[in-house]
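**Student:** Would you mind keeping the following structure in view while I ask a few things?
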Amino acid sequence: MSIAAMSIAGGMLLATSVPALAVNATDTEVRASVYAPAQDVVSQRSQSLEVSAEATLEPIDVGEWDVEAAPPPIESSVAGVGEVSLLETPRIVWPVDPSRISDGFGPRSAPCAGCSSVHDGIDFNPGAGAPIVSLADGVVITATEAGGGLGAYVEVQHNIDGVLITSLYAHMQYGSISVSTGQRVSAGDLIGAVGSTGQSTGAHLHLEMYGADGVRFDGLSWLQANVTG
Ligand SMILES: [Zn+2]
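Have a look at this one:
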């Protein structure tokens, strides 16, 4: 638990200078009343309340709800970082605008010499430079510009419904990767930009998804079924 800080709009300090009455009540002569210009000074300051991690929480009355124990986090090993625990994530988002997709998952005619005839990912075409975000909370397990055919790419491991799932984002622009190995990311966090690095015939995001067995599955169907917004 991190430290929660609450800030509330706080005390208002009001100082008013009362204008001096310039005309004496006992004056017999009629003359113009002159008041010193009114000057109001309002100063505001905020108040903050810090709650330490040690704060005790009052027990919650759970009588009206069915309570399930949270599943244990998935432990994963990240090269150079060691063991990381993947907390379960409920939120899934599209990694890019999904309205233009040029190549789906599965058998295809190879689009270039040396390109695979079985497409193990999904190709999205949101345009060169479009931001790519992590599709769920997770931990970055790869962030490299030396990905061979994949070019500059990022892999993120997720715990989704207690299942270890990895998403891989390939052909990013050189210099655009904004995360590093071992870093925790949230769904929707920027990780890079759409490019055409590696074995690619034009700017696109090649997205691969696979489970603990490493077997690629159809990420498009999976996202269509699981994106929560
Ligand atoms: Zn592809």
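Read left to right, the sequence shown gives residues 227 to 455 (this note's numbering).
Using N, Cα and C, we set each Cβ at its ideal position, and we do this for glycine too.
(1) Taking 7 angstroms as the cut-off, is the C-beta of HIS191 nearer than that to any heavy atom in ligand 1?
(2) Along the chain, where does the alpha helix (DSSP H) that runs through GLY445 open and close?
(3) With respect to 7 angstroms, is the separation between the Cβ of ASP439 and the closest non-hydrogen atom of ligand 1 below this value?
(4) Leaving out five residues before and five after GLY437 in sequence, what residues of the same chain have Cβ atoms less than 8 angstroms from its Cβ?
(5) Work out the CA separation of PRO321 and ARG334 for me, nearest whole Å.
(6) Just to confirm the assignment, what range does the beta strand (DSSP E) spanning SER303 have?
(7) Ends of the beta strand (DSSP E) at ASN385?
(8) For GLY364, which three-state DSSP category applies?
(9) Do the region 423-431 and the region 393-405 meet, that is, are 3 or more Cβ pairs less than 8 angstroms apart?
(10) Starting from the C-beta of ALA362, find all residues in its chain whose C-beta is less than 7 angstroms away, skip the five residues before and the five after it, and write them out in chain order.
(11) Just to check, is the beta-carbon of ASP349 closer than 7 angstroms to a non-hydrogen atom of ligand 1?
(12) Find the nearest neighbour of ALA372 within the set PRO357, ILE403, VAL304 and GLY408, judged by alpha-carbon distance.
(13) Let's see if you can read the secondary structure: which residues bound the beta strand (DSSP E) around GLY437?
(14) Taking only three categories from DSSP, how would you classify GLY373?
(15) Using 7 angstroms as the cut-off, classify the Cβ of ASP329 as near or not near the heavy atoms of ligand 1, replying yes or no.
(16) Measuring CA to CA, which of VAL441, GLN425 and GLU381 is closest to SER360?
(17) Tell me whether THR407 sits in a helix, a strand or coil according to DSSP, three-state version.
(18) With GLU309 as the anchor, note down where its beta strand (DSSP E) starts and where it stops.
**Tutor:** Quick answer:
(1) Residue 191 cannot be examined here, being either before or after the span of the chain that is shown, 227 to 455.
(2) As a working note, residue 445 is residue 219 in the sequence shown. Counting along the chain, the alpha helix (DSSP H) containing GLY445 begins and ends at 445-452.
(3) Your numbering for residue 439 matches position 213 in the sequence shown. No, Cβ of ASP439 sits at least 7 angstroms from all heavy atoms of ligand 1.
(4) As a position in the sequence shown, residue 437 is number 211, starting the count at 1. These residues qualify, in order along the chain: VAL389, LEU390, ILE391, THR392 and PHE443.
(5) What you label residue 334 is simply residue 108 of the sequence shown in a count that begins at 1. What you label residue 321 is simply residue 95 of the sequence shown in a count that begins at 1. Rounded to the nearest angstrom, the two C-alpha atoms are 23 angstroms apart.
(6) To locate residue 303, count along the sequence shown from 1; it is residue 77. Note, SER303: beta strand (DSSP E), 300-304.
(7) Translated into positions along the sequence shown, residue 385 becomes position 159. 378-386 is the span of the beta strand (DSSP E), which, as asked, contains ASN385.
(8) As a working mapping, residue 364 is identified with position 138 in the sequence shown. Note: GLY364 maps to strand in three-state DSSP.
(9) yes
(10) Residue numbering aside, residue 362 sits at position 136 when the sequence shown is read from its first letter. Only THR315, ARG317, ILE318, HIS384, ILE386 and ALA413 meet the Cβ criterion.
(11) Numbered from 1 along the sequence shown, position 123 holds the residue referred to as residue 349. Yes, ligand 1 has a heavy atom inside 7 angstroms of this Cβ.
(12) As a working note, residue 372 is residue 146 in the sequence shown. Considering only alpha carbons, the answer is ILE403.
(13) In the sequence shown, residue 437 corresponds to position 211, counting from 1. Note, GLY437: beta strand (DSSP E), 431-437.
(14) On the sequence shown, residue 373 is found 147 positions in, with the first residue counted as 1. GLY373: coil per DSSP, three-state reduction.
(15) Numbered from its first residue, the sequence shown carries residue 329 at position 103. Yes - ligand 1 has a heavy atom lying nearer than 7 angstroms to the Cβ of ASP329.
(16) Here the question's residue 360 lines up with position 134 in the sequence shown. Here the closest residue by C-alpha is GLU381.
(17) Here residue 407 refers to the residue found at position 181 of the sequence shown. Note: THR407 maps to coil in three-state DSSP.
(18) Reading the sequence shown from its first residue, position 83 is the one you call residue 309. Counting along the chain, the beta strand (DSSP E) containing GLU309 begins and ends at 308-312.
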